[in-house]
Amino acid sequence: GGAERFTRIALTQSRMNPQLLQCDPKSFLAALMQSSQLGLEPGMLGQSYLIPYGKEVQFQIGYKGLIELARRSGQIQSITAHAVHENDEFEFQYGLEENLIHVPKIKGDRGEVYCYYAYATLKDGGHAFVVMSKADVDRIRDEYSKAASSKYSPWNTEYDAMAKKTVIKQLMKYLPVSVELLRGLSQDETVKKDIKEDMSEVPADDYFVEANWEVKEEAAE
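Per my numbering, residue 595 is the first one in the sequence shown, and the count goes up by one each step.
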């Protein structure tokens, strides 16, 4: 049943990361609840993460979890992200003649990763994409991800997946997403201290609250 699964996940997580047991138990439970209510399993599959951050446990949606939530929201047929290496063939343009071409170099060295992109196809046949430089990804990480400094943060263990998550999150601003999906996104990277039947109603702990997930557009030069 649900309770057994919940207990199993709690035990697995604390075994994999004993530091969780040094944290405030209420924030650990709240992070588990958030993950559970979004139907995401913390741990190996990269759906979500429970990150010890000081004495608190922060809940984070993973790259795979974000794709899962997007898929469930109904309007989006597929959504995916890729890293682009220096020696790949890559060109894109925004505007009326939108275009995106990426041919990864198969033979020989692909070189360093210098940007990431995400694209989505919609049920009605439309599509959208966003391209971000690696520097932009890092800027968002440094500006918006407080727990990135924790050695347990997936930014330190699974950089590539977190970069892809970042660019997908940007793309979602341009997609028709459900209220439910927005509610899920608003819980990303939060620490909560209370338990409710609907965890999205519990306000995040202000001290730890992340900046709004929407990144402000750059002011025109």
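Even glycine gets a Cβ: it sits at the ideal position worked out from N, Cα and C.
In its chain, beyond the 5 residues on either side, no residue has a beta carbon closer than 7 angstroms to the beta carbon of residue 750. Contact check for residue 785 and residue 621: beta-carbon distance about 5 angstroms, within the 8 angstroms limit, so the pair qualifies. With 16 or more other Cβ atoms inside 10 Å of its own Cβ, residue 761 counts as buried. Annotated three-state conformation of residue 725 is strand, per DSSP. As the crow flies, the alpha-carbon of residue 619 is around 48 angstroms from that of residue 697. In this structure, the CA atom of residue 604 is about 15 angstroms from the CA atom of residue 650. If you ignore the 5 residues before and after residue 742, its C-beta comes within less than 8 angstroms of the C-beta of 735, 736, 749 and 750, all in its own chain and listed in chain order. Classified as exposed, residue 768 has fewer than 16 neighbouring CB atoms from the shown chains inside 10 Å of its CB. Only residues of its own chain outside the window of five on either side were considered, and among them 645 and 647 have a CB closer than 6 angstroms to the CB of residue 744, listed in chain order.
For residue 625, there is no enclosing beta strand (DSSP E); the enclosing alpha helix (DSSP H) has its first and last residue at 619-631. Separation of residue 712 and residue 631 (C-alpha to C-alpha, rounded to the nearest whole angstrom) is 26 angstroms.
Rounded to whole angstroms, the gap between the alpha carbons of residue 787 and residue 720 is 41 angstroms.
The alpha carbon of residue 672 has as its nearest neighbour, out of 773, 714, 624 and 663, the alpha carbon of 714. Per DSSP, the unbroken beta strand (DSSP E) holding residue 695 starts and ends at 693-697. In this structure residue 695 is in contact with residue 685, their Cβ atoms being roughly 5 angstroms apart against a cut-off of 8 angstroms. Secondary structure at residue 642: strand, using DSSP grouped into helix, strand and coil.
In its chain, beyond the 5 residues on either side, 644, 651 and 653 have a beta carbon closer than 6 angstroms to the beta carbon of residue 625. For the set 704, 773, 595 and 783, the Cα lying nearest the Cα of residue 738 is the one of 783. Collapsing the DSSP output to three states places residue 672 in a strand.
Rounded to whole angstroms, residue 616 and residue 640 show a C-alpha spacing of 23 angstroms. A Cβ-Cβ separation of about 6 angstroms places residue 708 in contact with residue 680 under the 8 angstroms criterion.
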